[in-house]
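Residue numbers (this note's numbering): 4 to 162.
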């Protein structure tokens, strides 16, 4: 996670949590499955941007799937909370909050509203599974208590 240091909200500087950056920085390739068993594969990368204020996460599904997203992970300069903003090729945009990288795990939690569903909750879970591997799971919930897996992938670092 990126951590805020002293200063007013307007000029708060940010510094990187080296454990998170050292682990995620670079390119990754992953494979997994949707909840119905259909296979999924993706390429992702993580890099610092905007004077190291944000960790940029690029996600590109491999065919036949076509989801693409760019996310910005960092610390909100006003609240001091770890946040993530995700923009995708389906014209979607979502925001998430987290307690940050703890014990090799990051949970990005958010909520949304859809006409067909109403209020729903969602989270992405990133779990370190080895020196050069992590598992990403996407889960949704109608009540914020019982969760259903949407998909999961295990990524391995390239190079």
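All C-beta atoms in this analysis are idealised placements derived from N, C-alpha and C, irrespective of residue type, glycine included.
{"Query": "Rounded to whole angstroms, what's the CA-CA distance from residue 94 to residue 58? Just pull it up for me.", "Result": "21 Å"}
{"Query": "For the alpha helix (DSSP H) that residue 22 lies in, which residues bound it at each end?", "Result": "21 to 27"}
{"Query": "Using a Cβ distance threshold of 8 Å, determine whether the segment 28 to 42 contacts the segment 71 to 84, with at least three qualifying pairs required.", "Result": "no"}
{"Query": "Could you name the residues of the same chain whose beta carbon sits closer than 7 Å to that of residue 45, not counting the 5 residues immediately before and after it, in chain order?", "Result": "33, 62, 63, 64, 65, 156"}
{"Query": "Within its chain, find whatever has a CB closer than 8 Å to the CB of residue 162; leave out the 5 residues flanking it on each side and keep chain order.", "Result": "29, 30"}
{"Query": "Look at the alpha carbon of residue 120 and the alpha carbon of residue 135, and state the distance between them as a whole number of angstroms.", "Result": "38 Å"}
{"Query": "Considering only C-alpha positions, which residue in the set 138, 77, 68 is nearest to residue 54?", "Result": "77"}
{"Query": "Nearest to residue 132 by CA position, among 85, 106, 111, 24, is which residue?", "Result": "106"}
{"Query": "Return the CA-CA distance between residue 56 and residue 150, expressed in angstroms with no decimal places.", "Result": "32 Å"}
{"Query": "Would you check if the distance between the CB atom of residue 104 and the CB atom of residue 23 is smaller than 7 Å?", "Result": "yes"}
{"Query": "Look up residue 144 in the DSSP assignment and say whether it is helix, strand or coil.", "Result": "strand"}
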